[in-house]
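Protein chains: 2
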Amino acid sequence: MATYNAPINDMMFLFEKLRNNKHYNELEKYKEVGPDLAKDILEQAAKMTENLILPLAKIGDENPAKFENGAVRTPPGYKETYKKFIEDGWTSLSCDPEYGGQGMPKTISAFFDEMLSSASLSFKLYSELSIGAYNCILRHGVDSIKKKFLPNMVKGIWSGTMCLTEPVCGTDLGLLKTKAIEQSDGTFKLSGQKIFITSGDHDLTENIIHLVLARALDAPAGTKGISLFLVPKIQIEDDGSLGQRNGVSTGSIESKMGIKGSATCVLNFDGAVGYMIGPKNKGLSSMFTMMNLERIVVGIQGLGISEIAYQNALNYSKERKQGKSNNTQSTNGADAIIDHADIRRSLLNMKSMIEGERALSFWLAQQTEVSLYHSDSKIKQQAADLVSLMTPVVKSLFTDMGMEITSDAMQIFGGYGYTKDQGIEQLYRDNRITPIYEGTNSVQAIDLVFRKLINKNGNIIGYYTQLIKRGIVESTKSEETKLFAETLNKHLEVLIDFTAWIEKSMTNSKDDVGAACNDYLRVLGLVSVGYSWLKVLDISFKEMKNNKKFFMDKIETARFFFDRILPRIDTHYKSGISGSKNIMKFNFN
Amino acid sequence: MATYNAPINDMMFLFEKLRNNKHYNELEKYKEVGPDLAKDILEQAAKMTENLILPLAKIGDENPAKFENGAVRTPPGYKETYKKFIEDGWTSLSCDPEYGGQGMPKTISAFFDEMLSSASLSFKLYSELSIGAYNCILRHGVDSIKKKFLPNMVKGIWSGTMCLTEPVCGTDLGLLKTKAIEQSDGTFKLSGQKIFITSGDHDLTENIIHLVLARALDAPAGTKGISLFLVPKIQIEDDGSLGQRNGVSTGSIESKMGIKGSATCVLNFDGAVGYMIGPKNKGLSSMFTMMNLERIVVGIQGLGISEIAYQNALNYSKERKQGKSNNTQSTNGADAIIDHADIRRSLLNMKSMIEGERALSFWLAQQTEVSLYHSDSKIKQQAADLVSLMTPVVKSLFTDMGMEITSDAMQIFGGYGYTKDQGIEQLYRDNRITPIYEGTNSVQAIDLVFRKLINKNGNIIGYYTQLIKRGIVESTKSEETKLFAETLNKHLEVLIDFTAWIEKSMTNSKDDVGAACNDYLRVLGLVSVGYSWLKVLDISFKEMKNNKKFFMDKIETARFFFDRILPRIDTHYKSGISGSKNIMKFNFN
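Chains as they are written, first to last, in our numbering: chain A, 1 to 589; chain B, 590 to 1178.
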């Protein structure tokens, strides 16, 4: 089984040293949330994930969620652990105190998301969508709905889902067919089939609150005729108690490559009672509140799985002896494989991506809080635009790198990586869903180039690249960070050129843009991680005297990133701008 | 379930148009093997693999090989199909007529290897190692052993294994512990444990012939004290009939991520009777006859799995409708996803790698035959050196690209790619062993830079790059291929620079070389595939009038490779030459 130690040191480093977003620090509601509280929460979270949740990973893989007699049964131990999980208040961590939440910021809850993802993605998914549904209802529901549903969701005794996909539509929700017929009392009756519904049914909570996209009877075709509905699995009486079973049933669950402990359901709605959330025909935009936050969390899943894969590969490489290293000191026997240059390169490749991603994700957590709660609407909007720009980037980059990292970890284990004992191959299989769900990574890239670079608020990417440029100019002033800053600047210039090419191509040939979007996303992502590393470097050189080992480690890890990972940008740029003429006219037979 | 159509057209194109190696065509033994015979064999092979073997893939995944009462049971249907398989003579295809083989060249049998890999890697593995063992015995066994064992192996009623790995050693065979004690009759008694033995036990054949690396009693330590032994599962009487069970038993089989139909065994040798093959203490070099041929076949496995993944992604992208393409003609509903630029890019990425790899592999098949059978020893050695150089490259590049291609195919299927129904995720899991077994891809890269570039026969890589250079000069003479040739030349220059850097670093810092070896392998591999494409382009422009559709398809596929894949070389070069100083001194904690 894979082992795990929550990387609290690195998390606390970010919390103490990189929580320097001026606007974030202006937020009244988080004034009291300092390092002591953060550390206390992270230590409790570490205990929970390392001791109770980690063992569920293997159990869930060996005893997948089952569908029997119309209901889903979770793997052994899930129920008991979930009970403890909600008793200790973990579902309420980031929720509004008005509904019983602890009101913690994403600067803390994102770390918790990472830990949970490391320990068991399958187990995490049962509460993850609840938080998504909670956020959606919180922002778009009317008061009576919020009062009726949110407290129990915050407590975790009810869970939530998001029901978008149907057999004919995943990416293209305009095609969806589920119907909602308005009743005289203002409620709706929903009928249709939803597929790939994560935690669509299970035995962990008393009730499940489905958020369902459907089409009202008189709605226009396409995406402009979609509304959002809240459909409880079990109806709620006026006094808040559980009533009759609603008209939603589970048709089957999927047999999947990984995350086998998580139930992925076909749900059949058959005249199920639902409540409209948000304005009629604007359901997609309400749902996107949930989707966007969720996409960032999926990125964090990739980060969390990368972290545990790295930890296990590192441990194994210290134990496994094989071959003599180039500078061997031993006179007989083999050296630990961590003494071999190629293994060290592979480990640093993982580490430099993981820590860079964590820093980027921490910056994004601060921006997200500013986008939600800052009192100045302009500042709020600016942060929202940055979050919107970086959401597809974080989702795709972190999950793709999660595949690279879990794969490289398997390679370090050799044959033992392909067998089930060590738990590495499970990380690889579990993570493989992350580049697919919540919109495939190509769909993220399309979203980025066609919708996010420029919107009604103007040139977001221009604003972002200027932000990075200013950071580079600052870092160039110090001798210690100068070379790093100059290297990043070269790559930033490529990003700027690539962006100009995208903008130009947008008028000439949208297909050129479509064929380049994945490369573009990767360039933007790598520059962003590089920018995060530059911030870490600034601090590391300044703080060196306080903890030489820690900060030297950071500097050398960053150096690896700048030397060996940033050059990937060159290839993406060259490939990306090669155009689409022969791609589009190619005659596939 | 995945579908499959053997790509006979492309194979026959290579056989008819690229079988132009002068030395290969000088081989007496293959003078009679022309296109008609090749086509006949490939068509029969296609029927077999498409109809009988393909269904075994899913069956094997759902009903893994079982270990019961000390014996391995293969999945349902394997036995019946294997019987038909050997009755039709498929195990004997490439074997020597002296022992009952059909004596077909690798220019044909490599295509058969590809087809089998596409249809079911698990099923293929039961006969694949037999051919490996056959080759090893053929080259290193004495006549009496060959007469005793080879005819039944060629017939397929006996199978073979290669037993190298032990719990403490995979890459580093110098550590191996299995002992062989010489008996008064010249036989040996072997004792020890071997792990990860593919087809180590099963119920498909009457007998299993193990080739086992072990250490004779008085042997020196390390790799210089390893000998090779033939150990039959069931002993053979002097009259050739089956005798007593030998002292080898199956301890267990592995539970694996994929290739579940294939039994991966722990074998316990307990005073098992064995016959020494080849000279004492030179067992590793005898085994490498088998290993090297086998490594190329593993590369071809990656190619075969890539092909079937591509075919299924292509079919699905024509059926699945989602979203409007940029140039949509439709007024309502969605377009097939193959109309989207990004999907087309992804499909061409697969296709251009697959067809380039197939052409490279076909060239290598010719070189291999020359290296084995040419009458001029200098020509023979030259070909052997090229094969030796390209073996780790083909093994690693094709299997890594197999992961990229099966992964991209999954992405095209979206959520359906992660569930079991379509068979795509199985291709991804099955292929995942190929970068690991027969030496991990990093071990291949280490082999390449430290052992293959330069050997006692001189500067092999220099000879190879000159060969490519001459091809480029030729192609530059024609207006049609000039631009392609110039592009390849730029990348060849990078390869030459990288090679010079490797040679220089070999004296300064072996760790620099170790940290760069994977990047170097990739650069050499991509240039080699580019060179293969250049040969295909030469022919395509010349032959255009004979089949415009086919050759235009080739030219445009090549264009994609030159525009979008060759630029990967830049990143590998830049990353590779960045040195290892901070990697080696990094303090992993």
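Each residue gets a CB set at the ideal place from its N, CA and C atoms; glycine is no exception.
With a cutoff of 9 Å on beta-carbon distance, residue 467(A) and residue 459(A) are scored as not near each other. Under DSSP, residue 282(A) takes part in a beta bridge, and its partners are 226(A).
Pairing residue 1115(B) with residue 1155(B) gives a Cβ-Cβ distance under 9 Å. Around residue 770(B), the same chain offers 777, 778 and 806 as residues with beta carbons nearer than 7 Å, after the five sequence neighbours per side are excluded. Taking 9 Å as the threshold, the shortest C-beta distance from residue 910(B) to chain A falls below it. In this structure, the CA atom of residue 407(A) is about 45 Å from the CA atom of residue 1135(B).
Chain-order list of chain A residues neighbouring residue 1175(B): 344, 348 and 556, by C-beta distance under 7 Å. Looking at the DSSP output, residue 865(B) shares a beta bridge with 818(B). The alpha-carbon separation between residue 349(A) and residue 306(A) amounts to approximately 11 Å. The beta carbon of residue 176(A) sits closer than 7 Å to the beta carbons of 166, 169, 213, 215 and 226 from its chain, once the five residues preceding and following it are set aside; these are given in chain order. Only buried fits residue 351(A), as 16 or more other CB atoms lie within 10 angstroms of its CB. Relative to residue 628(B), the option among 653(B), 599(B) and 611(B) whose CA is nearest is 599(B). Leaving aside the five residues that flank residue 909(B) on each side, the residues in its chain whose CB is nearer than 6 Å to its CB run, in chain order, 926. In the DSSP assignment, residue 747(B) falls within the beta strand (DSSP E) that extends over 747-752.
Secondary structure at residue 1021(B): coil, using DSSP grouped into helix, strand and coil. Taking a Cβ-Cβ cut-off of 7 Å, residue 776(B) has no neighbours in chain A, whose nearest Cβ is about 30 Å from it. Note on geometry: alpha-carbon atoms of residue 441(A) and residue 999(B) lie some 12 Å from one another. In this chain, the alpha helix (DSSP H) harbouring residue 358(A) covers 341-373. Taking a 10 Å sphere around the C-beta of residue 250(A), we find 16 or more other C-beta atoms and assign the residue as buried. Residue environment analysis places residue 360(A) among the buried positions, since at least 16 neighbouring C-beta atoms fall within 10 angstroms of its C-beta. Of all C-beta pairs linking the region 495-502 of chain A to the region 563-581 of chain A, three or more are shorter than 8 Å, placing the two stretches in contact. Beta bridge pairing from DSSP links residue 1047(B) with 1044(B). By the CB criterion at 9 Å, residue 67(A) and residue 253(A) fall inside the cutoff. Just so you know, the alpha carbons of residue 318(A) and residue 205(A) end up roughly 43 Å apart.
The continuous alpha helix (DSSP H) containing residue 672(B) extends over residues 667-676. Residue 508(A): member of the alpha helix (DSSP H) spanning 479-508, first to last residue.
Contact check for residue 789(B) against residue 797(B) passes: the beta carbons are separated by less than 9 Å. For residue 171(A), the nearest beta carbon of chain B is closer than 9 Å to its own beta carbon. Closer than 9 Å to the CB of residue 602(B) there is not a single CB belonging to chain A. Contact of residue 929(B) with chain A is assigned, a C-beta pair being separated by under 9 Å. Relative to residue 93(A), the option among 439(A), 481(A), 130(A) and 121(A) whose CA is nearest is 130(A). In this structure the region 879-899 of chain B touches the region 975-993 of chain B; the number of beta carbon pairs closer than 8 Å is three or more. Using a CB distance below 7 Å, the part of the region 1107-1126 of chain B facing chain A consists of 1107, ordered along the chain. The beta carbon of residue 435(A) sits closer than 9 Å to some beta carbon of chain B. Pairing residue 642(B) with residue 1023(B), the inter-Cα distance amounts to about 20 Å. A residue is called buried once 16 or more other Cβ atoms fall within 10 Å of its Cβ, and residue 626(B), having fewer, is exposed.
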